[in-house]
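Number of protein chains: 2
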Amino acid sequence: MATITDVARLARVSPATVSRVLNGTTDVSPERAERVRQAVAELQYQPFSPARALRRQLTDVWAVIVADIENPFFTSVVRGIEDGAREFGYRVLLCNSDEDVGKEAGYIDVAVGERVGGVVISVASTRQSDLAPLLRLGVPVVAVDRRPVGHLVDSVLVDNRLGARQATAHLIENGARRVACITGPKRLSTANERLAGYKDALAAAGRRFDESLVLREDFRQAGGYDAVRALTSGRPRAHPDALFVANNQMTVGALQALQQQDLDVPGDVKVVGFDDAPWATLTRPQLTVVAQPTYDIGRTAAELLATARAAKGGPREVVLVPKLVVRESSGRPG
Amino acid sequence: MATITDVARLARVSPATVSRVLNGTTDVSPERAERVRQAVAELQYQPFSPARALRRQLTDVWAVIVADIENPFFTSVVRGIEDGAREFGYRVLLCNSDEDVGKEAGYIDVAVGERVGGVVISVASTRQSDLAPLLRLGVPVVAVDRRPVGHLVDSVLVDNRLGARQATAHLIENGARRVACITGPKRLSTANERLAGYKDALAAAGRRFDESLVLREDFRQAGGYDAVRALTSGRPRAHPDALFVANNQMTVGALQALQQQDLDVPGDVKVVGFDDAPWATLTRPQLTVVAQPTYDIGRTAAELLATARAAKGGPREVVLVPKLVVRESSGRPG
DNA sequence: GTGAAAGCGCTAACAC
DNA sequence: GTGTTAGCGCTTTCAC
Chain D
524 MATITDVARL
534 ARVSPATVSR
544 VLNGTTDVSP
554 ERAERVRQAV
564 AELQYQPFSP
574 ARALRRQLTD
584 VWAVIVADIE
594 NPFFTSVVRG
604 IEDGAREFGY
614 RVLLCNSDED
624 VGKEAGYIDV
634 AVGERVGGVV
644 ISVASTRQSD
654 LAPLLRLGVP
664 VVAVDRRPVG
674 HLVDSVLVDN
684 RLGARQATAH
694 LIENGARRVA
704 CITGPKRLST
714 ANERLAGYKD
724 ALAAAGRRFD
734 ESLVLREDFR
744 QAGGYDAVRA
754 LTSGRPRAHP
764 DALFVANNQM
774 TVGALQALQQ
784 QDLDVPGDVK
794 VVGFDDAPWA
804 TLTRPQLTVV
814 AQPTYDIGRT
824 AAELLATARA
834 AKGGPREVVL
844 VPKLVVRESS
854 GRPG
Chain H
524 MATITDVARL
534 ARVSPATVSR
544 VLNGTTDVSP
554 ERAERVRQAV
564 AELQYQPFSP
574 ARALRRQLTD
584 VWAVIVADIE
594 NPFFTSVVRG
604 IEDGAREFGY
614 RVLLCNSDED
624 VGKEAGYIDV
634 AVGERVGGVV
644 ISVASTRQSD
654 LAPLLRLGVP
664 VVAVDRRPVG
674 HLVDSVLVDN
684 RLGARQATAH
694 LIENGARRVA
704 CITGPKRLST
714 ANERLAGYKD
724 ALAAAGRRFD
734 ESLVLREDFR
744 QAGGYDAVRA
754 LTSGRPRAHP
764 DALFVANNQM
774 TVGALQALQQ
784 QDLDVPGDVK
794 VVGFDDAPWA
804 TLTRPQLTVV
814 AQPTYDIGRT
824 AAELLATARA
834 AKGGPREVVL
844 VPKLVVRESS
854 GRPG
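Protein chains in written order, with the working numbering: chain D, 524 to 857; chain H, 524 to 857.
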């Protein structure tokens, strides 16, 4: 591969001049600039990024570390981040922590090693994810979706508690007597906040909180499936007549389990899921969900990251509002 | 941030010795090695990747360039690639070309600039995507899903023609008289191969090929929706009684359009989609699809990439076999 | 406006 | 085993 020296030789100028033409830092005489451009084209020269990064001590790359690249929620957020990054002149290095704190730590090390210009992260664990290596370096970090505790970073969150409260209240209004909550692991703030919102709604309706109706699973499809199997395995009187499922992938699993057991939705069990999906109107019945502003979450994160170095004061926190989208799976009033 | 020199000073050794400890290239006396490790820990030293890449002239990074990060097909492929990459000791830099040859070219330049160790790409265009910058550099490239013409690269493809033929034949066997094909743009080999398979099946059944029953849209949801609207807008006798939809996202749109027009599936219109989805059993009726071995595609690509430098002979091509998964949307025989 | 020269942090060749 | 040294490709003073 050609180097800047090769280009300089061919264009009969110094390497410094080639650099100046490429970066537009100083004026170069038109003729020489033209010679340089020709030489670049002829040699198909492409600057070697590591050399440039070494010299400049920074890169125009952001690392985006998401917990689950297969979850459409995150890919939509990523799209928002990407579009924002492009606008601000950054490239995006996308990493998948796979809900694993260890893998996540590895990618954080990579981000540190690359001296990336910024990091957007949906932490694998609210308490255990360690952002310190980034913060020590002074790399701006924006947390999305999940709240990291003990680290002072900007964040873009959704009012999960509100969304969960609305979902649960809606089920109660529609006549549900025993609403179960299938939520995620304790290590995720989203799981806890959605559970809290569920409790809020019960309390507001004067309902007793029944521990046996709350199940924690991982946020994956199999978790939703297993939860429903467990909830419907005991004596029938103990079964729930409504489900608030706190995550999109678990909702798929939950619906599959209900279907397999010939339980009618919403007749036997009413269902509200979290996060909308393109196919939510294709299921029978159509799925009621708490929709999240996924793309905006990403967009907003990019804006915070781009302005992080200039920002004064403490961490900035943006909380976006989810929206209950009522379809058929949650039944009807009365 | 601490440098290798800082570590060396603190450990009272030379920078070379620190490097040796970190990379395990040569034996270092136990005591000195221990001192180095302590210094590394104390300073929280993290090697600066660009400096290392500059010196070594290569990186342990693969670029994975996918056409649409929001398409679950690709994210599943990516998971396969990632798992393979990890096994072979590579990190994955994920890029989203957004079905745009221009953005794709930008990421190819990035890959060249970074001198990545390999590239896995699902090209944005069979003919227009330009892999030459990579090949000139000698970077191993593996194409997945879509076939790039005019470039000698390894590839992992699916037998789209076979899958499409099976899908269409199945619809015909189930009594469809007018099978429409909603496929993708001409620039994508997958779109063309699936159309070819559709034609194969018609021919094998002795059916006349009717141009008006073939629609090309982009591979996105709105495309499927628009196609169905178009197909059902003319005089009823011209409407199809079956649809072969050549892509997962378009299938969602197509089903939505059918639903909106109160067309019964499979009564009025039988449907087979391409690529399976977790929610395919939740729709009413359950969706018949041609399932692709997504994860294996990625896995296989990683294996080809890891062994590319050692491989002799011409380009290697692996063709995986899709599988028709019959559910309800395609009707019943007779 | 331009070139010479230094140096970013790291590793590998070479001495000892 | 270990330290010294050179140099990867680039940008940025500093002279002129």
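For every residue, glycine included, the Cβ atom is placed at its ideal position computed from N, Cα and C.
Bear in mind that the values here come from a model prediction, so they are computed numbers and not experimental data.
Checklist line | H:Arg602, DSSP secondary structure in three states | finding: In the structure shown, the three-state DSSP call for H:Arg602 is helix.
Check: Contact check, H:Val702 vs H:Thr691 under 8 Å by CB: the rounded distance?
Finding: Between H:Val702 and H:Thr691 a beta carbon distance of about 6 Å is seen, short of the 8 Å cut, so the two are scored as contacting.
Check: When the cut-off is 8 Å and only beta carbons count, does H:Glu593 lie next to chain D?
Finding: The Cβ of H:Glu593 sits closer than 8 Å to at least one Cβ of chain D.
Checklist line | Residues bridged to H:Glu826 [DSSP beta-bridge criterion] | finding: According to DSSP, H:Glu826 bridges with nothing at all.
Checklist line | Limits of the alpha helix (DSSP H) - the one that D:Leu718 falls within | finding: Residues Ser712 to Ala727.
Check: Does the separation of the CB atoms of D:Gly607 and D:Glu826 fall below 8 Å?
Finding: If you check the CB distance, D:Gly607 and D:Glu826 come in under 8 Å.
Check: Nearest to H:Phe597 by CA position, among H:Arg850, H:Arg822, H:Pro573 and H:Leu847, is which residue?
Finding: The option with the nearest alpha carbon to H:Phe597 is H:Arg822.
Item checked: Within the segment 576 to 630 of chain D, ranges of the beta strand (DSSP E) (whole runs, at least 3 residues) -> Here the runs fully enclosed are 584 to 589 and 614 to 619.
Check: So, is H:Arg758 buried or exposed, given that buried needs 16 or more other C-beta atoms within 10 angstroms?
Finding: Its Cβ having fewer than 16 others within 10 Å, H:Arg758 is exposed.
Notebook entry, point to check: Under 7 Å Cβ-Cβ, which residues of chain H neighbour D:Arg511?
Noted result: What the structure shows of chain D is the stretch from 524 to 857, and residue 511 of chain D is not part of that stretch, so it cannot be assessed.
Checklist line | Selection of the segment 836 to 855 of chain D by Cβ proximity to chain H, strictly under 7 Å | finding: Contact annotation: in the segment 836 to 855 of chain D, no residue has its CB less than 7 Å from a CB in chain H.
Next item on the list: Indicate whether H:Val792 and H:Pro763 have their beta-carbon atoms separated by less than 8 Å.
Entry: H:Pro763 is positioned such that its CB atom lies closer than 8 Å to that of H:Val792.
Note to self: Helix, strand or coil for H:Glu840? Go by DSSP, reduced to three states.
What the structure shows: In the structure shown, H:Glu840 falls within a strand segment according to DSSP collapsed to helix, strand and coil.
Check: Which runs of the alpha helix (DSSP H) fall wholly inside the segment 725 to 763 of chain H and span at least 4 residues, in chain order?
Finding: The segment 725 to 763 of chain H contains these whole alpha helix (DSSP H) runs: 744 to 754.
Margin query: I'd like to know whether the C-beta of D:Leu828 is nearer than 8 Å to at least one C-beta of chain H.
Written below: Not closer than 8 Å to any Cβ of chain H, the Cβ of D:Leu828 fails to qualify, so no.
Notebook entry, point to check: Do D:Asp734 and D:Gly707 have their C-beta atoms closer together than 8 Å?
Noted result: Note that residue 734 of chain D corresponds to Glu in the displayed sequence, not to Asp. By the CB criterion at 8 Å, D:Glu734 and D:Gly707 fall outside the cutoff.
Checklist line | Distance between D:Val601 and H:Val587 (C-alpha atoms, nearest Å) | finding: Cα-Cα distance, rounded: 15 Å.
Checklist line | For D:Ala647 and D:Asn683, the rounded distance between their alpha carbons | finding: D:Asn683 and D:Ala647 have their alpha carbons spaced roughly 17 Å apart.
Next item on the list: Compile a chain-ordered list of the residues in the segment 794 to 808 of chain D whose CB is closer than 8 Å to at least one CB of chain H.
Entry: Residues passing the 8 Å Cβ filter: Ala800, Pro801, Trp802, Thr804, Leu805, Thr806 and Arg807.
Item checked: Partners in chain H for D:Ser599, counting only beta-carbon separations shorter than 8 Å -> Contact of D:Ser599 with chain H by beta-carbon distance below 8 Å involves Glu593.
Margin query: Going by DSSP, what residue range makes up the beta strand (DSSP E) through H:Gly641?
Written below: Under the DSSP assignment, H:Gly641 falls in the beta strand (DSSP E) whose first and last residues are Gly641 to Ile644.
Margin query: Distance check for H:Arg670 and H:Glu696, CA to CA, integer angstroms please.
Written below: C-alpha of H:Glu696 to C-alpha of H:Arg670: approximately 31 Å in a straight line.
Notebook entry, point to check: Does the segment 743 to 758 of chain H come close enough to the segment 659 to 668 of chain H that 3 or more CB-CB pairs lie under 8 Å?
Noted result: These segments do not touch.
Note to self: To be precise: take each residue of the segment 617 to 649 of chain H, compare its Cβ to all Cβ atoms of chain D, and keep it if any distance is under 7 Å. Which residues remain?
What the structure shows: Cβ contacts with chain D: Leu617, Asn619, Asp632, Val633, Val635, Gly636, Glu637 and Arg638.
Item checked: Residue burial classification, H:Phe732 (beta-carbon count within 10 angstroms, cutoff 16) -> Its Cβ having fewer than 16 others within 10 Å, H:Phe732 is exposed.
Check: Is there a Cβ from chain H that is less than 8 Å from the Cβ of D:Ala724?
Finding: Put simply, the CB of D:Ala724 is far from chain H, with every gap to its CB atoms at 8 Å or more.
Check: Which residues share a DSSP beta bridge with D:Ala692?
Finding: Its beta-bridge partners do not exist; DSSP assigns none.
Item checked: Reduced DSSP category for D:Tyr796 - H, G, I as helix; E, B as strand; rest coil -> Sequence inspection shows Gly at residue 796 of chain D; the Tyr mentioned does not correspond to that position. DSSP places D:Gly796 in strand when its eight states are reduced to three.
Notebook entry, point to check: Any idea if D:Asp749 is buried or exposed, counting beta-carbon neighbours within 10 angstroms, 16 or more meaning buried?
Noted result: Buried: at least 16 other Cβ atoms inside 10 Å.
Item checked: Rounded C-alpha distance that separates D:Ala882 from D:Arg855 -> Nothing can be reported for residue 882 of chain D, as the shown portion of chain D is limited to 524 through 857.
Checklist line | Every unbroken beta strand (DSSP E) within the segment 641 to 674 of chain H, with a cutoff of 3 residues, ordered by chain | finding: DSSP runs (the beta strand (DSSP E)) wholly in the segment 641 to 674 of chain H: 641 to 644 and 664 to 667.
Next item on the list: Give the DSSP bridge partners of D:Thr706, in chain order.
Entry: Bridge partners of D:Thr706: D:Arg739.
Check: With C-beta atoms as the reference, is D:Pro595 less than 8 Å away from D:Ala800?
Finding: Here D:Pro595 is near D:Ala800, since their CB atoms are less than 8 Å apart.
Notebook entry, point to check: Residue range of the beta strand (DSSP E) that D:Ala765 falls in?
Noted result: First-last of the beta strand (DSSP E) with D:Ala765: Ala765 to Val768.
Check: Closer than 8 Å, CB to CB, is H:Met524 near chain D or not?
Finding: Yes, H:Met524 counts as interfacial toward chain D.
Notebook entry, point to check: Of all the CB atoms in chain D, is at least one closer than 8 Å to the CB of H:Arg832?
Noted result: The Cβ of H:Arg832 sits no closer than 8 Å to any Cβ of chain D.
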